[in-house]
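Numbering of the sequence shown is given in UniProt numbering, commencing with residue 1 and proceeding in unit increments. Report on one structure; see the data block that follows.
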Amino acid sequence: MRGEFYQQLTNDLETARAEGLFKEERIITSAQQADITVADGSHVINFCANNYLGLANHPDLIAAAKAGMDSHGFGMASVRFICGTQDSHKELEQKLAAFLGMEDAILYSSCFDANGG
1 MRGEFYQQLT NDLETARAEG LFKEERIITS AQQADITVAD GSHVINFCAN
51 NYLGLANHPD LIAAAKAGMD SHGFGMASVR FICGTQDSHK ELEQKLAAFL
101 GMEDAILYSS CFDANGG
């Protein structure tokens, strides 16, 4: 039984490769931006990242992230409703709400979470 299972997996993988459906991992060796360098040294245009505003490599944002890590460390260790909300998140939410002319705002950790509400 076990041998048959592994043979079926092998056959399925071979079929996926033959049909051009097998997903190879692309190793990126540069910063995430519009033009990225991949492991073989070639350059490609990155149309699939969430960095559509091109801010991931902005020097001011990098400096702010470094300052935030110096004062608060790296990461939340859990979601805000379990371990608590960082003061920096509340400050940003207040600034966003004021900018948008709204009573309040909430930050989500990912686009997936934001879409789920």
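We treat Cβ as the ideally placed atom computed from N, Cα and C, and that holds for glycine. Because the structure is a prediction, the values reported are computed rather than measured.
Apart from sequence neighbours up to five positions away, the residues of its chain that approach L96 with a beta-carbon distance below 6 Å are A105, ordered along the chain. Within the UniProt domain "Aminotransferase class I/classII large" (43 to 115), the complete beta strand (DSSP E) segments of 3 residues or longer fall at 43 to 45, listed in chain order. Cβ atoms of V38 and I27 come within 8 Å of each other, at about 6 Å.
Selection K66, L61, E4, L107 evaluated against E91 yields L107 as nearest (Cα-Cα).
Residue range 2 to 18 is occupied by the alpha helix (DSSP H) that includes D12. In this structure, DSSP gives D40 a state outside helix and strand, which the three-state scheme calls coil.
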